[in-house]
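The next block holds one structure in the form of C-alpha cells; read it before the comments.
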Amino acid sequence: LVVVARCLVRKSIKGFGIDDWTMLVGQMLFFSTCCVCLWGCHEGFGVRDVELTMEKLVNARHAAATFECVYLASLIFVKLSIGFALLRITTHRSIRHFLYFIMTLSSISGFICMVAILSMCQPLSATWTGMGKCAPPSVLKCVAIYLTVSACITDFSCSILPFFILWNLQMARRLKFTLAVVLSLGFLASAATVVRACYFDRFLARVDYVWGFSDLALWSVIEGLIGITIGSVPSLKPMF
C-alpha cells in the first residue's frame, strides 16, 4: 500500500523518477518473494524431515532455493531505489560518489550471491532433489556471511547519510528532523540482518534443512518489508 501511495503522489506532482521505478520493481519482486515463502510454508517450511513425504521435501527445498534468488533480486532494486532517492536531494559531489559506491556494492553483492546459489549444484535441479554434484553447505554459509556484511555496510550508510544530506537543505527544521529520523530507521533493517545471521548454521544442516530455513526466510521478509517502507514513506510528504 505504501508503494502504491508513493507512486500516486509522485504521479500527481509529476515527479515520477528512476527511484520510483526501481522501488516498483523491488515491490513486485518482494511480492513474489512472499508468494514463494507461502508456497514453501505449504510444502514444508518449519517442518521436520520425518514429518514430510519425499515429494513435499523436494518441493520445500525447491521453494527455499527460489526464495533466496527472488529475495536477492528484490533487495537489489529496493536498495537502488533508496540510493536514487538520496541522489535526488543532494548535490554534494563526495556524497554522490559515496552513494554510487554503495549502490554498486549492493548490486554486485546481490548478483554474486545469486550466481553462487544457482551454481551450487550441477545440474541446477540437484539443489532440491539432491541427485547430482553439489558444493559443500559451508559454501552457502560463506555466501550468506558475505551478503550480511555487505547488507550491514549499505544499510548503515543509507541510515547515517540522510543527516548529512538534509543538514543544509532549505526546509522547516521539524520536517528536516522527521525525514532524517524516518530514513535513518534503516538501522532496523540492519538489526533484522544481524538477527538472521544467528541462524546461518542451519545452512550446514544435512537433515531438517527446510525446518531451519523458516527462520531465515522470516527475517529476510522482515528486512525487505522494512526497506520498502522506509524507502517509500518520505515520498508521501506532499500528502501532509
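In my numbering, the protein residues as written are 2 to 241.
C-beta atoms are modelled at their ideal positions from N, C-alpha and C, and glycine is treated no differently.
Bear in mind the structure is a predicted one, so any value in this text is a computation, not a measurement.
In terms of Cβ geometry, residue 136 and residue 121 form a close pair [threshold 8 angstroms]. DSSP lists 135 as the beta-bridge partner residues of residue 122. A straight-line Cα-Cα distance of about 15 angstroms links residue 71 and residue 228. Between residue 155 and residue 103, the CB-CB gap stays under 8 angstroms. A check of alpha carbon separations from residue 107 across 65, 152 and 82 identifies 152 as the nearest. Annotation for residue 228: the continuous alpha helix (DSSP H) segment containing it runs 210-233. Excluding five sequence positions before and after residue 4, the CB atoms of its chain that fall closer than 7 angstroms to its own CB belong to 24, 25, 28, 229 and 233, given in chain order.
In the DSSP assignment, residue 41 falls within the alpha helix (DSSP H) that extends over 19-44. With fewer than 16 other Cβ atoms from the protein chains shown falling within 10 Å of its own Cβ, residue 89 counts as exposed. The beta carbon of residue 134 is closer than 6 angstroms to those of 123 in its chain, skipping five residues each way along the sequence.
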